[in-house]
Amino acid sequence: MSELEEEYRLDYFEEEDFVRKECTECGDFFWTRDEDRRTCGEPPCEDYQFIDNAGFDGEYSLEEMREAFLSFFEDQDHERIDPYPVAANRWRDDVLLTQASIYDFQPLVTSGQTPPPANPLTISQPCIRMQDIDNVGKTGRHTMAFEMMAHHAFNAREDLEDPDQYAYQGEVYWKDETVEYCDKFFESMGADPEEITYIEDPWVGGGNAGPAIEVIYRGAELATLVFMSMEQDPDGEYEMKDGNRYSKMDTYVVDTGYGLERWTWVSQGTPTVYEAVYPEMIAFLKDNAGVEHTEEEAQLVHRSSKLAGHMDIDEAEDMEAARDNIARELDVSTADLEALLEPLEDIYAIADHCRTLAYMLGDGIVPSNVGTGYLARMVLRRTKRLCDNVGVDAPLDELVDMQAERLGYENRDTVRDIVRTEIEKYRETLEQGGRRVERLAKRYAEEGEPIPTEELVELYDSHGIQPDMVEEIAADFGTGVDVPDDFYSLVASRHDSGQPFEEETEDEDRFDDLPATDRHYYEDQFGTDFEAVVLDVFEREGEGAGDGDASEGEPVYDVVLDQTMFYPEGGGQPADRGALTTDDTTVQVEDVQIRDGVILHRTDEPVGKGDIVRGNIDVERRRRLMRHHTATHIVIHAAREVLGEHVRQAGAQKGIDSSRIDVRHYERIDRETRDEIERVANEIVMENTSVQQEWPNRHEAEEEYGFDLYQGGIPAGKNIRLIHVAEDVQACGGTHVRRTGDVGTIKILNTERVQDGVERITFAAGEAAVEATQRTEAALADAAEILDVVPAEVPETAERFFEEWKARGKQIEDLKEQLAEARASGGAAGEEVEVGDATAVVQRLDADMDELRATANALVEEGKIAVIGSGADGAQFVVAVPEGVGVNAGEVVGELARKVGGGGGGPPDFAQGGGPDGAKLDDALEDAPEVLRQVRNA
RNA sequence: GGGCCCAUAGCUCAGUGGUAGAGUGCCUCCUUUGCAAGGAGGAUGCCCUGGGUUCAAAUCCCAGUGGGUCCA
């Protein structure tokens, strides 16, 4: 079946007397030293062999196993690399979490654009796989958090014409050595070589593919050896199992994965992986939740775990069937077994989830409604529910801290703080949601109906309330709910709006022949004038940027020079403006962009190809941008100092008058905190330390400063540009002032929450800060002048005025009522008419609605029908009728309002209406008695 | 990044274009030895902000602000 069969005929297998066999169960091909072996050894073809029968020469803890692996490969000339964060989006933008060690080196290293930090290397990389979340705790082997131990080698073909096009050259090692290393490592652990099988299992993923080998020992898949060597290619010579065609690449990469938890588990032979990996935490949780077992029960649990381990229950739906089978085999009822196992499953899951949270929060993920923050929130809430469910009453921040401590994080106080804040938020959500459900349940219970599915979806989608919680509360109120099986797909269907399509701006290859422009804005960040040769000019139709001199529709020109000082838009810094001058003409530069190293100066008029031009940059604009750019570094540094180390940039935009940065933080920034950030920022300005740039090797830079360098994105290349501002170091391509003092001053203008967990800080630097302060002061001064007080007294005065204004409103209301009563009892102005047995008062009163209503009410109190008209704003009527009089006020108003070109209505005893035609008001009132009589007779 | 939901008395919330409500808390009085409680009366409000539609907007529409939630 394998088209890649040849790929697996390794010299190493030959030398070591391996034989290739076909599994009698699944038909896969595998390699073994055991002539008599029939199956590939992987469940379900075979059961776990290692439970109660540990596989190595000793028991290893997680830490011991990790060390054993890394030092083994160090002895084999691999360099040990520190693990990367679990938040993979800190160095790549296509994934959220690190799910394998190779993620650390995608896409720049695997494609050969940048060199690996070492070659070959070994690493134990923490990973998180959310897709396993439902299985955690239940199957005995799934964990959401795990470490993937690995050895990697990055190779490039040796027969290339231009080997230097890749960041690494030649072959380090390939398949034979990889299998040999794996074999040797097993040997070093005291495994029996006869029992190891190597299954042929081609690998496909993410546009790449290659032969791969699964390594099975005692029924457990302990390693996967992937030989990434092909890329998707419609004309490729290999067809892989995904149905696509692939061809060989110039680079080929050894990608291995050894599950640390699995190895630890096999070394101990415990029934579940959890007991091998977190024994202390599980003991603590059991004790805390009061889970105790008799000798007999403990035996049952043990045997059940063993059986569960054997079963192929990767899918949650299989769980119930598996549970039934296990119960039958143990000769107990499924219900009894579940009652015994469920608390344990919860405890296992809690331990795993806490480790997941420790990784996520320890690596600086802030809970939020977006991205990795959302995933962290989901895990946290799930963990909290599990704790409540099983009766663990230890605070969650303590549990997470237990794992964080073990994992060696130094920001544990912040992690605990985040957990506490999140738990508090969740508590509020639940409380609010609970009340909402109670109201609903009460309403539906009264109607004797169950809560409909639609409400259930709404509760979950808009309010985060799980259906089981609704079920519980509904039961308390004596009604039910209908939870459909496809509940979550119903929720999903509310979201299936059309995917926003990516706009592919296919850039013509017209720049391909042009050399990369010489950039002089780094070597002299203050240079503003230069000479250059025009290499080419491209005309673009009708793309005049509305903000420049060229109006829309006019043609614009992209001028390419051999060298420039113009800064192209990038890293949140807008492009420079300025002019290009030849002997004949001066053209305005309205925008500057960079494409594959070629800098385009967009101008309103053309210059001649081959001309020599003088360029000069709009100095004022550039200086303001530089101040703001340096200030941005200062502000984020100050924010980290004040808010904590977890603070990270989530976006930034520099400007002329103000700039903004978005930072990840788990709380709102209040005014006091904001003032503190501003104070620290200005302290850095006043220290007036120098601002330095350097171009170190990227891996050395990462080594020294960590991934916090990449606040504003990940640059490509062997060397990266670093900017040092006081103690802050960032990879940055922008232009900066020489010393922090050159920023002048920093004024924070505003903080707002752009998303949950993301705060936007808007600030101004230098002259822009002074201007902003002056604007604020002007507004205050104007307000003070209006109130006729000094500025300091504005708040107090404003409050007093506001209070007085409210009091007067109330007083006016009172007076209107009194006035209305007086009018009604005085019987003065109105014309009284008889309508059947009742008396009606028809009156014109040019006042507002409130007064009309009050007057009408007062007349009704006297037992009279009130018809009041006002010409204060168009024509308005109020008609009120005492109880027991057969006149419908709504109809009367409708009739009257029609006469003034409008409409009206209301209940039969009190109606309002009106129309725009005020001139006809008196006519309408004159007709009122007639209208009253008609309506009465109707 | 996208979708959805919410904003009304100190608090929790009703309110279907037509006179802003309930429960609780608050104030006063009464009953009671005290506590708990009960009875009677009273005050609660820029109905988040700004536009628009309408004779009329707490209510409908748009934008903003603040909060919540689901998904990728």
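Just so it is clear: in the first sequence, position 156 is 144 by our numbering, and no numbers are missing.
We treat Cβ as the ideally placed atom computed from N, Cα and C, and that holds for glycine.
CA-to-CA, the gap between T441 and R482 works out to about 13 Å.
In the DSSP assignment, V577 falls within the unbroken beta strand (DSSP E) covering 574 to 583.
Here N738 is bridged, per DSSP, to T750. From the listed residues E759, G598, I702, G732, the smallest Cα separation to M674 is found for G732. Exclusion of the five residues before and after E183 leaves Y205, R206 as the residues of its chain whose Cβ lies within less than 7 Å of its Cβ. In this structure N670 is buried. Its beta-carbon is surrounded by 16 or more other beta-carbon atoms within 10 angstroms. Judged by DSSP secondary structure, A916 falls within the alpha helix (DSSP H) whose first and last residues are 909 to 925. For R423 and T110, the gap between their C-alpha atoms comes out near 54 Å.
For a cut-off of 8 Å, the C-beta gap from Q864 to L840 is around 7 Å, short enough to register as a contact. DSSP links C115 through a beta bridge to F134. Out of N399, S293, V713, the CA that lies nearest to the CA of D389 is found in N399. The DSSP-derived three-state label of Y509 is coil.
Here D70 is exposed, its C-beta having fewer than 16 other C-beta atoms within 10 Å.
A straight-line Cα-Cα distance of about 21 Å links E690 and I622. With distances taken between CA atoms, P594 lies nearest to T574 out of T574, G224, D584. Boundaries of the beta strand (DSSP E) harbouring R652: 647 to 652, taken from the DSSP string.
In terms of Cβ geometry, F93 and R117 do not form a close pair [threshold 9 Å]. DSSP places Q101 outside both helix and strand once states are collapsed to three, so it counts as coil. Rounded to whole angstroms, the separation of the alpha carbons of L96 and A346 is 28 Å.
In this structure, the CA atom of G705 is about 38 Å from the CA atom of E542. The beta-carbon distance between G128 and A296, rounded to whole angstroms, is 5 Å. This is short enough to meet the 8 Å contact definition. Bounds of the beta strand (DSSP E) holding S235 are 233 to 247.
In the three-state DSSP reduction, Y91 falls in the helix class (H, G or I). In terms of Cα proximity to A626, the closest of V522, A88, L775, E664 is E664. Listed in chain order, the alpha helix (DSSP H) runs fully inside the segment 173 to 219 amount to none, counting runs of at least 4 residues.
Under a 10 Å Cβ-count criterion, C14 is classified as exposed, with fewer than 16 other Cβ atoms of the shown protein chains found around its own Cβ. The residue among L328, I338, N77 with its C-alpha nearest the C-alpha of E284 is L328. DSSP, read as helix, strand or coil, puts S321 in coil. Taking W191 as reference, the option from E52, E4, Y(-4) with the minimal CA-CA separation is Y(-4). Under the three-state reduction of DSSP output, G906 falls in the helix class. Judged by DSSP secondary structure, Q420 falls outside any beta strand (DSSP E) and instead within the alpha helix (DSSP H) spanning 400 to 434. Exposed is the label assigned to R659, since fewer than 16 other Cβ atoms lie within 10 Å of its Cβ. Burial of G421 is indicated by the presence of at least 16 other C-beta atoms within 10 angstroms of its C-beta. When DSSP states are grouped into helix, strand and coil, G878 belongs to the helix group. Between the beta-carbon of A899 and that of V873 there is about 14 Å, and that puts the pair past the 8 Å contact cut.
A straight-line Cα-Cα distance of about 5 Å links P222 and R233.
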